[in-house]
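**Student:** Going by mature numbering (1 follows the signal peptide of the UniProt record, and there is no 0), the letters in the sequence shown line up with residues -37 to -1, 1 to 438, in that order. Backbone N, C-alpha and C fix where the C-beta goes; we use that ideal spot for every residue, glycine too. Sharing a structure, written as structure tokens. Questions coming.
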Amino acid sequence: MKHHIPLRPGRRASARRRRLAVGAVAALAALAPTACSNDAPAPAANLTGEPSGTLTYWFAPFTPDAQGVADWKRFNVDPFVALHPDVDLQTVQKGLNVLDRQLQVALAAGTGPDLIIAPGVTNQIAYAQAGFLHDLTPFAAENAWSDHLLPWAQEIATADGKLVTLPQSYETLVLFYNKTLFAEHGWVPPTNRQELERLAAQMTAAGVTPFAAGNSDYPAGTEWLVSALLNSVAGAEKVHDALSGTVPWTDPAFAQTIDLLKEYFDAGWFGGGVRQYFATTDPVKYAQFASGEAGMYISGTWEFVTLPEFFDQSGAEFDWAPVPPLADGVPTTFPLSVGGALSVNANTKNPLAAQTYLDWILKDSETMWAQVAATGANPMPVTIDDADIPSEVDPRFARVYTSLSEASEAGLVGYTTWTSWGAQSNQFIVDNTDKVLSDVMTTETFLQGLDAAFQEDLRRGNVPAVFSTGKPAAR
């Protein structure tokens, strides 16, 4: 059976990567209106023949030590060079903290590498609006990318009707739970709001914090919870309409979402309450979850890289379930996000080699899954046969992608703030959600500010294409 499977970088440093992206995305918001550096037409692309010549690629491995660099080159350079020996693929390692900024400066000057990596689609859309990216549409059509790339991934990779980037990492948000703790108490993962709140009350009575949580190491992590609840309370269809500009972010469904998140924090269900949440580091959060001090944890599938280490130490097991719907008529939904995207510089002098590299990345499923098994990377948003998944891949992790495959085909997918919102509105969420949780800002003021920031994103053309989702939720 063929499955449509999406991607993400999937390393322990992925949260750190997204932290860096937040500041970069805000800076990129100003690029689109200027669009002045690359008004000259891009070089005409030869779409056929054997690629040759020099191809440059700046990269920043998530693990910048010698082993991390070697692993990155083993899966992202060596196989391509073996297939295309006439291409001189020159990779230049950059610091994770400075790569995005260095790319911005180089692109604005009309230079930079041939291959442009960014931590998310939002960055690439801003680059495209500024005229910095090569139009991949003709090459993609010639090489049947639509037969391989997930429909939603192709939709979100477009700007002004042109395919401008190739998603490089895919993820979703799920409900992790301490399987050992659940077995001891006879608990089961909740499937709706009533079950979740009953379970949270039982956990509290047993001296267990319902949700492990803490953003001391990564303050922007609160947006993961915002994304999860937007899809579970307001529903993906309502979010779709707001992202499309037909429903304001001041809609009552979004007020219910933010109010419920605050209600759960006020009850102490997330990390023991706001004060503890702001002070809890990642290692402490993971240790609390693995030891059974906390029973559940809402986060992204990137956690499959980190959680086994802590659970191995505690001797317990974890598993996952979908984040349950928390409002009547809202279906179980998998929020989708892209943690990385690869594009071609509009000023490249070797468009054939650059686009051939993207074509190889898209279609070489054997190398992709070998990287997943060896490093914890996530697969790309492509059609995958179950038989392609190596036995070395954690079966819980593999089940995420088979479940996502089915959800994608059924349209039961949703949205994440760092992938589907514009630069300014995403930054507004990052900067202000904690203020609502701390009673510094009201829900009404928060949503008014979010709506204003989103309208500015719409005006600038910085909102990624909104991929389709399932049937409208009954409200």
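1. Spatial neighbours of residue 274 within its chain, please: C-beta separation below 7 Å, excluding the five flanking residues on both sides.
2. Around the C-beta of residue 48, are 16 or more other C-beta atoms found within 10 angstroms, so that it is buried, or is it exposed?
3. If we require 4 or more residues per run, which alpha helix (DSSP H) segments fall completely within the stretch 320 to 392?
4. Does the stretch 328 to 341 come close enough to the stretch 291 to 298 that 3 or more CB-CB pairs lie under 8 Å?
5. Report, in whole angstroms, the separation of the C-beta atoms of residue 119 and residue 430, which I expect to be a contact under 8 Å.
6. For residue -2, which three-state DSSP category applies?
7. Let me confirm a value: residue 171 is counted as buried when at least 16 other C-beta atoms fall within 10 Å, else exposed. Which label applies?
8. DSSP beta-bridge partners for residue 136?
9. Using 8 Å as the threshold, is the stretch 157 to 167 in touch with the stretch 126 to 137, meaning 3 or more CB pairs across them?
10. In whole angstroms, what is the alpha-carbon distance linking residue 419 and residue 188?
11. Output the distance between the C-alpha atoms of residue 211 and residue 414, rounded to the nearest integer angstrom.
12. For a quick check, are the C-beta atoms of residue 82 and residue 21 less than 8 Å apart?
13. Tell me the rounded alpha-carbon separation between residue 372 and residue 346.
14. In whole angstroms, what is the alpha-carbon distance linking residue 348 and residue 318?
15. Can you tell which of 15, 19 and 11 has the C-alpha that lies nearest to the C-alpha of residue 310?
16. If you follow the beta strand (DSSP E) that residue 66 is part of, which residue opens it and which one closes it?
17. Can you check DSSP and say which residues form a bridge with residue 296?
18. Could you tell me the alpha carbon to alpha carbon distance between residue 129 and residue 208, rounded to whole angstroms?
19. Helix, strand or coil: which one does DSSP assign to residue 289?
20. Please tell me whether residue 186 and residue 396 are closer than 8 Å, where the distance is taken between their beta carbons.
21. Just tell me which of 263, 305 and 240 has its CA closest to the CA of residue 286.
22. Taking one C-beta from the stretch 224 to 239 and one from the stretch 399 to 406 each time, how about it: are there three or more such pairs within less than 8 Å?
23. Within the continuous alpha helix (DSSP H) that includes residue 220, where are the two ends?
24. Under 8 Å, do residue 257 and residue 175 count as touching if we go by C-beta distance?
25. I need the straight-line Cα distance from residue 25 to residue 291, nearest angstrom please.
26. Excluding five sequence neighbours on each side, which residues of the same chain lie with their C-beta closer than 6 Å to the C-beta of residue 214?
27. What residue does the beta strand (DSSP E) around residue 55 start on, and which one ends it?
**Tutor:** If we stick to the structure as given:
1. Counting from one through the sequence shown, the residue named residue 274 turns up at place 311. Contacts found: 253, 280 and 281.
2. Against the sequence shown, residue 48 aligns to sequence position 85. With fewer than 16 Cβ atoms within 10 Å of its Cβ, residue 48 is classed as exposed.
3. 328 to 338, 358 to 373 and 380 to 383
4. no
5. By 1-based counting over the sequence shown, the position of residue 119 is 156. By 1-based counting over the sequence shown, the position of residue 430 is 467. Right, the Cβ-Cβ distance comes to about 5 Å (below 8 Å), so this counts as a contact.
6. Counted from its first residue, the sequence shown places residue -2 at position 36. Per-residue confidence for residue -2 stands at a pLDDT of 43, beneath the threshold of 50, marking its modelled position as unreliable; the derived number appears in the next sentence. Residue state, collapsed to three classes: coil.
7. Your numbering for residue 171 matches position 208 in the sequence shown. Label assigned to residue 171: buried.
8. To locate residue 136, count along the sequence shown from 1; it is residue 173. The partner list for residue 136 (beta bridge, DSSP) reads 263.
9. no
10. By 1-based counting over the sequence shown, the position of residue 419 is 456. By 1-based counting over the sequence shown, the position of residue 188 is 225. Answer to the nearest angstrom: the Cα atoms are 24 Å apart.
11. In the sequence shown, the residue the question calls residue 211 occupies position 248. In the sequence shown, the residue the question calls residue 414 occupies position 451. About 6 Å.
12. Along the sequence shown, read from residue 1 onward, the residue named residue 82 stands at position 119. Along the sequence shown, read from residue 1 onward, the residue named residue 21 stands at position 58. For residue 82 and residue 21, no; Cβs fall outside 8 Å.
13. Position 409 of the sequence shown, counting from 1, holds the residue named residue 372. Position 383 of the sequence shown, counting from 1, holds the residue named residue 346. Taking the straight line joining both Cα atoms gives about 11 Å.
14. Start at 1 with the first residue of the sequence shown, and residue 348 comes out as number 385. Start at 1 with the first residue of the sequence shown, and residue 318 comes out as number 355. Taking the straight line from one Cα to the other gives about 25 Å.
15. Position 347 of the sequence shown, counting from 1, holds the residue named residue 310. Considering only alpha carbons, the answer is 19.
16. Within the sequence shown, the letter at position 103 stands for residue 66. Where residue 66 is concerned, there is no enclosing beta strand (DSSP E), although the alpha helix (DSSP H) it sits in stretches over 62 to 71.
17. As a position in the sequence shown, residue 296 is number 333, starting the count at 1. Residue 296 pairs with nothing; no bridge assigned.
18. As a working note, residue 129 is residue 166 in the sequence shown. As a working note, residue 208 is residue 245 in the sequence shown. Going by the C-alpha atoms only, they are around 25 Å apart.
19. Locating residue 289 in the sequence shown gives position 326, counting from the first residue. Looking at residue 289 - three-state DSSP - the assignment turns out to be coil, as it is neither helix nor strand.
20. Against the sequence shown, residue 186 aligns to sequence position 223. Against the sequence shown, residue 396 aligns to sequence position 433. Yes, Cβ-Cβ distance for residue 186 and residue 396 is below 8 Å.
21. Taking the first residue of the sequence shown as 1, we reach residue 286 at position 323. Among 263, 305 and 240, the Cα nearest to that of residue 286 is on 263.
22. yes
23. The sequence position of residue 220 within the sequence shown is 257, counting from 1. Note, residue 220: alpha helix (DSSP H), 215 to 229.
24. The residue given as residue 257 occupies position 294 in the sequence shown. The residue given as residue 175 occupies position 212 in the sequence shown. Yes.
25. Indexing the sequence shown from 1 puts residue 25 at position 62. Indexing the sequence shown from 1 puts residue 291 at position 328. Straight-line Cα distance between these residues: approximately 40 Å.
26. Walking along the sequence shown from the start, residue 214 turns up at place 251. If we look at residue 214 and ignore the five residues flanking it on each side, it has no Cβ neighbours.
27. Taking the first residue of the sequence shown as 1, we reach residue 55 at position 92. Note, residue 55: beta strand (DSSP E), 50 to 56.
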